[in-house]
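Enquirer: If you're matching them up, the sequences are chains A and B in order. According to my numbering, the stretch in the first sequence is residues 1 to 258, in order. According to my numbering, the stretch in the second sequence is residues 1001 to 1328, in order. Glycine included, each C-beta is placed from N, C-alpha and C at the ideal position. Once you've had a glance at the structure underneath, I'll fire off some questions.
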Amino acid sequence: MDVVTNALKGEGIALSFGGIEVLKGLDVEFRAGEITGLIGPNGAGKTSLFNCLTGAYAPQKGTITYAGQSLDGLPPAARASRGIVRSFQHVALSPDLTVLENVMIGVARNHHAGWQHVFLPTRRGREEMARMRADAEQALAELGLAGAADKLPAELPPGMLRLVEIARAIVGRPQVLLLDEPAAGLNNAETRDLMRSLKSLCSPDLVMVVVEHDMDLVMSICDRIYVLNFGAFVACGTPQQVRQDEDVVRIYLGSDDD
Amino acid sequence: MSDHPVTLGRFDAEEARLAGLKPADLLSLGLAAALILLPLLVGGSWIFALGVCFANSIGVLAVSVLVRYGGEVSIGHSFFAAVGAYSVAVLDTRFGLSLLASLPLALALGVVSGVAFAWPSRKLSGIYLAVSTMALALAVPELINNADGLTGGYEGLYVSQPVIPGIAMSLQRYYAALIVLVAVVYGLARLRHSRQGLQLLLAKAHPAAADAFGTRRVWARVAVMGISGGIAALCGAMLGFAGSTVSPSGFTLWSSIFLLVGSVVSFYGLSLPRALVGGAFLTLVPQFLSASGAWIPVLYGLALLGMILLGHYLPRLRAMIADRKGGV
């Protein structure tokens, strides 16, 4: 068996709200160098698992580690500083900022010029902003959004906003990239472009997890797929294995008894 | 922005972008130049009133930055203004130190006060935060009166030390307030194009997204309140210097409410023209109405309503005019 060092692992992750079990002791391993799909019906617990992994929720039981180091108790901002970033199911851009500025925020955690560089015209402040801008422009170009850099989010269609979110997530060269329904709102051509972009992002050091309802996208780009239903995994394997799994077919297509 | 590059002497493109230089900013520069020359044309009470107007404009900016970057409203900024005003007045009267020494202290104490208030109230928002700021404003006059050995109590303190000896104090009061106002506007323009400014604006709109990209929402709240408190302290410092006296009656709950009113009529703008509109509403409009006797509150209310309606409908009017021009 291969030794996987840069893996994001969860062991026995349990989360409940008011007595309702949302996640039921999940064991999961997202490996670097792979694109892992996380699928399941609405309410299955996919976004809740993302929230646990990024620190937005604190699971009542279980541990989460990245590259062998525990993430338990770390707030979201501290996890982000370790390179664990995400996109959101509902677009979460600042309406006051241009597209370029929104994407620049994705790389902000890698820069540390102090407040004096904000209010005084210092070289370090200038260089920091120039580097952030160059990185953001490159990320936008990779996703075909260079022409939208100076627009406000309100001026763009939902599909493009989704891509801007992804650009913000990838701009800081993350170690772990969690994408929550990246293709929602995209048309077929945009989805194909997104698939190409996600594949090109894949690298030996990057853990990439995609929550998605678009089965064509999931089956095309993912190396492994976890299937979640009512807070528990019902299947895990390659796209071929998952496609042939009877439980998965029943969940997605319904059984004769339903 | 990048569609309209601006070349200004030795400024490179990055410097111009950081400084936020756009046509609207060039308008601000023109306005600042006009205000520099204004004492050549007017004098006496106008110079005094405009100096106080500039100081109030700084206070309007303090409230507006809290709204713009924190999404919160304060009705207690007279507290931070009082911190700045008494820093200047006490150093002036007790130690003979001029504004050059007391202004940095006022700024530092304002920032510290803002941070000290923000930390325990970091989980509050909306109406709860606004009411908690009101507690600050209510406490100010009593705090000042109880420390009368230092503050002069009800009688207050007189600010008389010149910044530059030999120059008429009336001009110093005018220009010092104008310089600080322009400096605050410049600082806020830089904030808008800084990493921290971007992070604060995301934290205001989507705290969870800010968290997910390394910006702690507590840091954002404390930072915004520190900046706002510091600017409010500069407002107080300049009110003391430009107005020449500092007393508890200048820092009441009503003072805080009027700062908020100024911020609203300036539509939370952080540019020089917007700040001056807010400052004028606090200083010059009451002066214009001073001969109206009992009608002053009514006329002030009408002026306030008129400004808000104008601001509300102005974008639509502009759009209509643009459409007609396009049609022709």
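Cβ of M1238/B within 9 angstroms of Cβ of G1051/B?
Expert: The answer is yes: Cβ separation under 9 angstroms.
Enquirer: Just the chain B side, please: which residues come within less than 9 angstroms of T54/A by C-beta, in chain order?
Expert: Those within 9 angstroms of T54/A in chain B are D1211 and A1212.
Enquirer: Judging by CA-CA distance, which residue of M208/A, R250/A and G55/A is the nearest neighbour of I166/A?
Expert: It is M208/A.
Enquirer: At what residue ranges does the region 1067-1099 of chain B contain a whole run of the alpha helix (DSSP H), taking only runs of 4 or more?
Expert: Correct list: 1077-1095.
Enquirer: Tell me which residues share the same chain as T65/A and place their Cβ nearer than 7 angstroms to its Cβ, disregarding the 5 neighbours each side in the sequence.
Expert: Excluding sequence neighbours, T65/A sits near K9 and L71.
Enquirer: With 7 angstroms as the C-beta to C-beta threshold (strictly closer), list the residues of the region 87-107 of chain A near chain B in chain order.
Expert: The residues in question are F88, A92, S94, P95, D96, L97, E101, M104, I105 and G106.
Enquirer: Check A185/A in the structure and name its three-state DSSP category.
Expert: Note that residue 185/A is Gly in the sequence shown here, rather than Ala. Three-state DSSP puts G185/A in coil, outside helix and strand.
Enquirer: Find the nearest neighbour of I1231/B within the set A1024/B, N1056/B, D1211/B and N1146/B, judged by alpha-carbon distance.
Expert: Residue N1056/B is the option with its Cα nearest to I1231/B.
Enquirer: Are the CB atoms of L100/A and L228/A nearer to each other than 9 angstroms?
Expert: No; because the gap between Cβ atoms is not below 9 angstroms, this pair is not in contact.
Enquirer: How long is the line joining the alpha carbons of T264/A and V211/A, rounded to whole angstroms?
Expert: With chain A running from 1 to 258 in the structure shown, residue 264/A is simply not present.
Enquirer: I think L1103/B touches V1083/B, with their Cβ atoms under 8 angstroms apart; what is that distance to the nearest whole Å?
Expert: The pair is not a contact, with the Cβ atoms about 13 angstroms apart (cut-off 8 angstroms).
Enquirer: Three Cβ pairs or more, each shorter than 8 angstroms: is that satisfied between the region 1261-1271 of chain B and the region 1241-1253 of chain B?
Expert: The region 1261-1271 of chain B is not in contact with the region 1241-1253 of chain B.
Enquirer: Going along the chain, which residues of its own chain have a beta-carbon closer than 6 angstroms to the beta-carbon of I1179/B, five neighbours each way excluded?
Expert: So no residue of the chain qualifies.
Enquirer: What three-state label does DSSP hand I1257/B in the structure shown?
Expert: In this structure, I1257/B counts as helix in the three-state DSSP scheme.
Enquirer: Within a Cβ cutoff of 7 angstroms, which residues of the same chain sit near V1163/B, ignoring the five residues on either side of it in sequence?
Expert: Result list for V1163/B: S1098, L1099, L1100, Q1172 and A1176, in chain order.
Enquirer: Counting only C-beta atoms, is K1204/B closer than 9 angstroms to chain A at any point?
Expert: At least one chain A Cβ lies under 9 angstroms of K1204/B.
Enquirer: Residue ranges of each alpha helix (DSSP H) run of no fewer than 4 residues wholly in the region 17-98 of chain A, ordered along the chain?
Expert: Fully enclosed alpha helix (DSSP H) runs of 4 or longer: 46-54 and 76-81.
Enquirer: S1194/B touches chain A at which residues, Cβ-Cβ below 8 angstroms?
Expert: By Cβ distance, chain A contributes H117, V118, G125 and M129.
Enquirer: Report the partner residues of I251/A according to the DSSP bridge assignment.
Expert: According to DSSP, which records beta bridges pairwise, I251/A is partnered with nothing at all.
Enquirer: Distance, Cα to Cα, Y1154/B vs G1126/B?
Expert: If you take the alpha carbons of Y1154/B and G1126/B, they lie about 34 angstroms apart.
Enquirer: How about the region 1277-1286 of chain B and the region 1056-1068 of chain B: do they share at least three Cβ pairs that are nearer than 8 angstroms?
Expert: With the cut-off at 8 angstroms, the region 1277-1286 of chain B and the region 1056-1068 of chain B touch.
Enquirer: Which same chain residues end up closer than 6 angstroms to G1076/B when comparing Cβ atoms and leaving out the 5 residues on each side of it in sequence?
Expert: If we look at G1076/B and ignore the five residues flanking it on each side, its Cβ neighbours are T1133, M1134, L1136, A1137 and S1256.
Enquirer: Starting from the Cα of L38/A, find the closest Cα among R133/A, L178/A and F119/A and give me that residue.
Expert: Answer by Cα proximity: L178/A.
Enquirer: Measure the CB-CB distance between A266/A and T1215/B and report whether it falls below 9 angstroms.
Expert: Because chain A spans 1 through 258 in this model, residue 266/A falls outside it and cannot be assessed.
Enquirer: Could you give the C-beta distance for G231/A and L23/A, rounded to a whole number, given that I count them as a contact under 8 angstroms?
Expert: The Cβ separation is near 5 angstroms, so the contact holds.
Enquirer: Please confirm whether H1193/B and L93/A have their CB atoms less than 9 angstroms apart.
Expert: No, the Cβ-Cβ distance between H1193/B and L93/A is not below 9 angstroms.
Enquirer: Where are the beta strand (DSSP E) runs, 3 residues long or more, that stay fully inside the region 172-230 of chain A, in chain order?
Expert: The qualifying runs are 176-180, 207-211 and 224-229.
Enquirer: Closer than 9 angstroms, CB to CB, is G172/A near chain B or not?
Expert: At least one chain B Cβ lies under 9 angstroms of G172/A.
Enquirer: If we define contact as Cβ-Cβ less than 9 angstroms, is A113/A a contact residue for chain B?
Expert: Yes, because at least one Cβ of chain B sits closer than 9 angstroms to the Cβ of A113/A.
Enquirer: If we call anything under 9 angstroms between Cβ atoms a contact, is G83/A one with R173/A?
Expert: Yes, these two residues count as a Cβ contact at 9 angstroms.
Enquirer: Can you check which of these residues, L1310/B, F1080/B and S1263/B, is closest to A1118/B by C-alpha distance?
Expert: It is F1080/B.
Enquirer: Please classify T63/A as buried or exposed, where buried requires at least 16 other C-beta atoms within 10 Å of its C-beta.
Expert: It counts as exposed.
Enquirer: Starting from I13/A, follow its DSSP beta bridges and name the residues at the other end.
Expert: According to DSSP, I13/A bridges with L26/A.
Enquirer: Among L1038/B, A1275/B, Y1069/B and A1106/B, whose alpha-carbon lies nearest the alpha-carbon of Y1174/B?
Expert: The option with the nearest alpha carbon to Y1174/B is L1038/B.
Enquirer: Can you name, in chain order, every residue of its own chain whose Cβ lies under 8 angstroms from the Cβ of A14/A, other than the five neighbours on each side?
Expert: Correct list, in chain order: E21, L23, K24, G25, L26, P59, Q60, K61 and G62.
Enquirer: L8/A bridges to which residues according to DSSP?
Expert: For L8/A, which the question treats as bridged, DSSP gives the partners F30/A and Y66/A.
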